[in-house]
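In what follows, a single structure is set out as structure tokens and then discussed.
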């Protein structure tokens, strides 16, 4: 086949330049170098063939482009299909979708569902996870980039990344069967001493059971630690050497160097990492489903409430997805979750300015 | 006695000791950084020790790796998770067969061809897809495949949801590896008159291969622990089902979730045993990724 005609503009001008540039004396030696592919190489030094065949190049390029477009289409389809399935149920809803704390889908003819409680529990648990995980994650990232002995930095960061390898259901088991009982005294302490604040007042389930938003938040914090750490680490590593050395030359201590050069430089990365972590925490399903207890009463913004997040509510009802209208109610909740994570992830990307991937 | 006066420098020293407050703050900061790292290791070690300690009895029991739960009563210490291991591996494998070619081609598009509007949108959408919660991916497959196209629940539907979760990971890691291939290699190939597509297939891809393979193994390991899709898209079966297109199929996360509602001590033992099995399989894939990376890079 004729190879020369397939070359792109840049490649072609390159090869013709050489031929014109008086290198013709060396031309015969070229096939010898590439004797392994003698057939192709021998043809490639022949003058341009009149028969032009672009088809493999075109096919390959279209395949690659189609694969890229598939991903764009996938996101569009997710939004589209969730919406298509959710709209009839929202139309048949007898309660206010945004303000009702109910989620009653047993009677298909009298659907009453709202996302108020789901939203509250989701935001509270993800928020607590963020409050715990961001300072620790940034601390770990600083430790790995600035403080850890150089030889140990790599194995240490692999250890932190291992946290991301543990399946979420195992974290859920650990949180529910092991961690929860150890957190009860901590929760009681907060409840006794800071109970005047709405966050720490007694909630709609008993603290002794352990299955509170507080426990879920701690488990989520552990789960989002690796992503916050890895994104922050990436930007801290990019701090210009000159900034650090300038601070050192002025006599700054290590902490002052970190505070004056590394932290300001990496601020966008820390924000981006936190947003990505928030996205993960908002959408985490099974760990939250296992940890959180169900509550009879609607919650009131206390960390010691029980209930469901968007994701755990959907998963808890997954075995009952048979009738279209009740299922649509859960799909509506799923659509809200999709929009929520979409916005958070888009903000993370804007904050990072495209220089970090998590 | 003049020596004593000479002991005193005539000029004040240029460098003075760092003040106590600054030194203290510096030391505290160092301590805090070490503490943060230690705090991160606590849950990791805790989870692994708990799972290994509570799970190893079940894992070394006879038949754990070769029997299913067929006909095993809730309170019986018997049977194994062979059916669930098959389900976990089969679902991840089908997902990989779809997601890897698609993801690699998308990465090739982004690195080699992608210019202009579509490339920007694609990069953005890869990031968004990476953030899509697994339950949303599962709901999407449910509303498209089962609710609209009227197919039954099956392992295949789970694999479709896993594809969505795997794609961004495959694209990202492949993209990174393709970007590491030096442009000189591509230019040398073009200079020999090799067309662009052939340069990509014969020069760029083989160079990037070791990193890409280990990235894919990690992507497979990541979706193996996903529970939300199996909850929504397939039913639990206590016996082995080889058919991906029909019927219920167990998988390790689904078995764990199903056995959680079993109050018997035997059920609890199975929960921890299955957790340990899942972690072992994932650890094996991580190990394989590391070995592949090391072996293939050394041959170069």
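Protein chains in written order, with the working numbering: chain A, 1 to 358; chain B, 1 to 300.
The beta-carbon is built from N, C-alpha and C at its ideal position, and this holds for glycine as well.
Quick one: which chain A residues come within Cβ less than 8 Å of residue i?
i                     : result
residue 22 (chain B)  : 253 and 256
residue 34 (chain B)  : 143 and 147
residue 270 (chain B) : By Cβ distance, chain A contributes nothing, its closest Cβ being about 12 Å from residue 270 (chain B), past 8 Å.
residue 262 (chain B) : What residue 262 (chain B) touches in chain A: nothing, since even the nearest Cβ is about 13 Å away.
residue 122 (chain B) : 68, 69, 71 and 72
In this structure, does DSSP put residue i in helix, strand or coil?
i                     : result
residue 93 (chain A)  : strand
residue 111 (chain A) : strand
residue 249 (chain B) : coil
residue 222 (chain B) : helix
residue 11 (chain B)  : coil
residue 293 (chain A) : coil
residue 198 (chain B) : helix
residue 143 (chain B) : helix
residue 154 (chain B) : coil
residue 375 (chain A) : Any question about residue 375 (chain A) goes unanswered here, given that chain A covers just 1 to 358.
residue 296 (chain B) : helix
residue 196 (chain A) : coil
residue 51 (chain A)  : For residue 51 (chain A), the predicted model reports a pLDDT of 48, less than 50, meaning its position is unreliable; a value from the coordinates is still stated below. Residue 51 (chain A): coil per DSSP, three-state reduction.
residue 53 (chain B)  : helix
residue 44 (chain A)  : Per-residue confidence for residue 44 (chain A) stands at a pLDDT of 49, beneath the threshold of 50, marking its modelled position as unreliable; the derived number appears in the next sentence. In the structure shown, residue 44 (chain A) sits in a helix (DSSP, three-state: H, G or I).
residue 21 (chain A)  : Here the model assigns residue 21 (chain A) a pLDDT of 37, short of 50, so the residue's position is not dependable and the matter cannot be decided.
residue 43 (chain B)  : helix
residue 34 (chain A)  : Caution applies to residue 34 (chain A), whose pLDDT of 41 falls short of 50 and renders its modelled position unreliable; the value that the coordinates give is listed next. Coil at residue 34 (chain A), not helix or strand.
residue 67 (chain B)  : coil
residue 312 (chain A) : helix
residue 183 (chain B) : helix
residue 305 (chain A) : coil
residue 127 (chain A) : helix
residue 327 (chain A) : helix
residue 317 (chain A) : coil
residue 254 (chain A) : helix
Identify the residues that DSSP records as bridge partners of residue i: which are they?
i                     : result
residue 361 (chain A) : Any question about residue 361 (chain A) goes unanswered here, given that chain A covers just 1 to 358.
List the residues of chain B whose Cβ lies closer than 8 Å to the Cβ of residue i, in chain order.
i                     : result
residue 273 (chain A) : Residues of chain B passing the Cβ test: none, with the nearest at roughly 13 Å.
residue 283 (chain A) : 131, 132, 133, 134, 135 and 136
residue 345 (chain A) : 127, 128, 130 and 131
residue 163 (chain A) : 40, 43 and 44
Chain A partners of residue i, CB-CB under 7 Å?
i                     : result
residue 275 (chain B) : 170 and 173
residue 39 (chain B)  : 136
residue 125 (chain B) : 71, 72 and 75
residue 225 (chain B) : 167, 168 and 169
residue 14 (chain B)  : Those do not exist, as residue 14 (chain B) stays about 11 Å from chain A at its closest Cβ, beyond 7 Å.
residue 248 (chain B) : Those within 7 Å of residue 248 (chain B) in chain A number zero; the least Cβ separation is about 11 Å.
residue 50 (chain B)  : 174 and 178
residue 26 (chain B)  : 253, 254 and 255
Could you tell me which chain B residues have their CB closer than 9 Å to the CB of residue i, listed as they occur along the chain?
i                     : result
residue 56 (chain A)  : 195, 197 and 198
residue 341 (chain A) : 128, 131, 132, 133 and 136
Could you work out which residues of chain B lie near residue i, taking near to mean beta carbons separated by less than 7 Å?
i                     : result
residue 337 (chain A) : 133 and 136
residue 291 (chain A) : Residues of chain B passing the Cβ test: none, with the nearest at roughly 12 Å.
* **Touch test, the region 140-150 of chain B against the region 208-215 of chain B, Cβ-Cβ under 8 Å, three pairs minimum** => At 8 Å Cβ cutoff, the stretches do not touch.
* Segment contact flag, the region 252-261 of chain A with the region 293-300 of chain A, C-beta cutoff 8 Å, min 3 pairs -> Cβ pair count under 8 Å is below three, so no.
* To do: Scan the region 132-146 of chain B for residues whose Cβ lies nearer than 7 Å to a Cβ of chain A and list them as they occur along the chain.
  => For the region 132-146 of chain B, the set of residues with a beta-carbon nearer than 7 Å to any beta-carbon of chain A comprises 132, 133, 134, 135, 136, 139, 140, 142, 143 and 144, in chain order.
* May I ask you to list, following chain order, the residues of the region 89-118 of chain B that have a beta carbon less than 9 Å from some beta carbon of chain A? => For the region 89-118 of chain B, which is checked against every Cβ of chain A, the residues closer than 9 Å are 101, 102, 103, 104, 105, 106, 107, 108, 109, 110, 112, 113, 114 and 118.
* Asked: Just checking, does the region 66-78 of chain A make contact with the region 108-115 of chain B on the three C-beta pairs under 8 Å criterion?
  -> The answer is yes - the region 108-115 of chain B touches the region 66-78 of chain A, with three or more Cβ pairs under 8 Å.
* Contact set between the region 84-111 of chain A and chain B, restricted to residues whose Cβ is under 9 Å from the partner -> Within the region 84-111 of chain A, the residues whose Cβ lies closer than 9 Å to any Cβ of chain B are, in chain order, 84, 85 and 86.
* Contact between the region 340-347 of chain A and the region 273-281 of chain A (3+ Cβ pairs under 8 Å) -> When Cβ pairs closer than 8 Å are counted between the two stretches, the region 340-347 of chain A is seen to touch the region 273-281 of chain A, the count reaching three or more.
* How about the region 251-264 of chain B and the region 282-295 of chain B: do they share at least three Cβ pairs that are nearer than 8 Å? -> These segments do not touch.
* Near-chain A residues of the region 192-223 of chain B (beta-carbon distance less than 7 Å), N- to C-terminal order -> Those would be 192, 193, 194, 195, 196, 197 and 221, in chain order.
* **Where the region 70-83 of chain A meets chain B: residues whose CB sits under 8 Å from a CB there** => When C-beta distances to chain B are compared with 8 Å, the residues of the region 70-83 of chain A below that value are 70, 71, 72, 74, 75, 77, 78, 81 and 82, in chain order.
* Do the region 114-131 of chain A and the region 215-230 of chain A meet, that is, are 3 or more Cβ pairs less than 8 Å apart? -> Counting C-beta pairs closer than 8 Å gives three or more between the region 114-131 of chain A and the region 215-230 of chain A, which meets the contact rule.
* Asked: Given a limit of 7 Å on CB to CB distance, which residues of the region 214-228 of chain A reach chain B?
  -> For the region 214-228 of chain A, the set of positions with a beta-carbon nearer than 7 Å to some beta-carbon of chain B reads 222 and 225 in chain order.
* Assess, as a yes-or-no matter, whether the region 218-235 of chain B is touched by the region 59-71 of chain B under the definition of 3 or more beta carbon pairs within less than 8 Å. => The region 59-71 of chain B makes no contact with the region 218-235 of chain B, as fewer than three CB pairs between them are under 8 Å.
* Quick one: which residues of the region 176-195 of chain A get their C-beta closer than 9 Å to a C-beta of chain B? List them in chain order. => Of all residues in the region 176-195 of chain A, 176, 177, 178 and 179 have a Cβ within less than 9 Å of some Cβ in chain B.
* Please determine if the region 169-178 of chain A and the region 237-257 of chain B are in contact, where contact requires at least 3 C-beta pairs separated by less than 8 Å. => These segments touch.
* Asked: If you pair each beta-carbon of the region 174-186 of chain B with each one of the region 95-108 of chain B, do three or more pairs fall below 8 Å?
  -> Yes, since at least three Cβ pairs between the region 174-186 of chain B and the region 95-108 of chain B fall closer than 8 Å, the two stretches touch.
* State whether the region 107-120 of chain A contacts the region 15-27 of chain B, with contact taken as three or more CB pairs (one from each stretch) at a distance under 8 Å. => These segments do not touch.
* Meets three-Cβ-pair contact criterion under 8 Å: the region 320-337 of chain A and the region 101-113 of chain A -> Yes: the two stretches touch, three or more of their Cβ pairs being nearer than 8 Å.
* Taking contact to mean at least 3 C-beta pairs separated by less than 8 Å, is the region 233-248 of chain B in contact with the region 146-155 of chain B? -> Counting C-beta pairs with one atom in each stretch, the region 233-248 of chain B and the region 146-155 of chain B have three or more that are closer than 8 Å, which means they touch.
* Are three or more beta carbon pairs between the region 232-248 of chain A and the region 312-319 of chain A nearer than 8 Å? -> Touching, no, given that fewer than three Cβ pairs across the two stretches are closer than 8 Å.
* Asked: Any chance the region 71-79 of chain B sits against the region 183-203 of chain B, with 3 or more Cβ pairs inside 8 Å?
  -> Not touching, per the Cβ criterion.
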